[in-house]
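Asks:
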Amino acid sequence: MSFRISTIIVLCVVCFGVSGCFSKSPPLGKVEGTVSFDGKPLEEGTIIFTVSGARDASGLIKNGEIQQVTSFKPGDGAPLGEAKIAVIAVKPSTGSISPANNPSPDTPGTSTMTGPSEFLIPTRYTNPEKSGLTATITKGTNEIHLELTK
Numbered sequence: 059m060s061f062r063i064s065t066i067i068v069l070c071v072v073c074f075g076v077s078g079c080f081s082k083s084p085p086l087g088k089v090e091g092t093v094s095f096d097g098k099p100l101e102e103g104t105i106i107f108t109v110s111g112a113r114d115a116s117g118l119i120k121n122g123e124i125q126q127v128t129s130f131k132p133g134d135g136a137p138l139g140e141a142k143i144a145v146i147a148v149k150p151s152t153g154s155i156s157p158a159n160n161p162s163p164d165t166p167g168t169s170t171m172t173g174p175s176e177f178l179i180p181t182r183y184t185n186p187e188k189s190g191l192t193a194t195i196t197k198g199t200n201e202i203h204l205e206l207t208k
């Protein structure tokens, strides 16, 4: 009987270890701040933090404010270290609705907009390797202010 109990305990420990129940996420720092373009708050966009050897973190930009920077769980922050940053801000497409996706008003379906998207900031900011934007993320809350220019 004791052999069965010890075997079950070992199997449970192995299963929990493999599933990640005992693993911890890496240390993260909260990120707040602002993003402006040519002196005006960036209305909306996405911000991405890339730290070597860690999972990328991303957040939202709304009315110039950096919000909800997330690595694993909503709002948990970005990995600690020197982060390269990308900012993406695209104006929604103003093309026409594709009738192929919604054949008649009586048939529910998914409509898509067609037409090109327009970048609201220079495309160099969309690549963390070329944007020139960096920040050191430390434990606690990090206040970051980015001024983007043409």
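Residue numbers (the numbering used here): 59 to 208. Think of the CB as a built atom: it goes at the ideal place given N, C-alpha and C, for glycine as much as any other residue.
Below 8 Å on the Cβ atoms is my guess for phenylalanine 107 versus isoleucine 146; work out the distance and round it to an integer in Å.
Replies: Wrong, their Cβ atoms sit about 13 Å apart, outside the cutoff.
Asks: Helix, strand or coil: how does DSSP classify threonine 104 here?
Replies: In this structure, threonine 104 counts as strand in the three-state DSSP scheme.
Asks: Cα separation between glutamate 123 and serine 110?
Replies: Straight-line Cα distance between these residues: approximately 25 Å.
Asks: Using the beta-carbon count (16 or more within 10 Å), is glycine 133 buried or exposed?
Replies: The residue in question, glycine 133, is exposed, as its Cβ has fewer than 16 Cβ neighbours within 10 Å.
Asks: Counting C-beta neighbours from all protein chains within 10 Å, is the total for serine 189 16 or more, i.e. buried, or is it exposed?
Replies: Serine 189 should be labelled buried.
Asks: What are the boundary residues of the beta strand (DSSP E) that asparagine 185 is part of?
Replies: Careful: asparagine 185 lies outside any beta strand (DSSP E) and carries neither H nor E.
Asks: When you compare only the Cα positions, how much space is there between glutamine 126 and alanine 136?
Replies: Approximately 10 Å between the Cα atoms of the pair.
Asks: May I have the straight-line CA-CA distance separating leucine 204 from lysine 82, to the nearest angstrom?
Replies: Going from the Cα of leucine 204 to the Cα of lysine 82 covers about 31 Å.
Asks: In this structure, how does DSSP classify serine 129 when only helix, strand and coil are distinguished?
Replies: Three-state DSSP puts serine 129 in coil, outside helix and strand.
Asks: If you count every other CB in all the chains shown that lies within 10 Å of the CB of glycine 97, and 16 or more means buried, which is it?
Replies: With fewer than 16 other Cβ atoms within 10 Å, it is exposed.
Asks: Assign threonine 128 to one of two classes, buried (16 or more other C-beta atoms within 10 Å of its C-beta) or exposed (fewer than that).
Replies: Buried, because 16 or more other Cβ atoms sit within 10 Å of the Cβ of threonine 128.
Asks: How far does the beta strand (DSSP E) with alanine 141 in it extend, from its first residue to its last?
Replies: Segment 139-146, the beta strand (DSSP E) holding alanine 141.
Asks: Taking the DSSP output, what are the residues bridged to leucine 206?
Replies: BP columns for leucine 206 point to Phe95.
Asks: Check threonine 196 in the structure and name its three-state DSSP category.
Replies: Coil.
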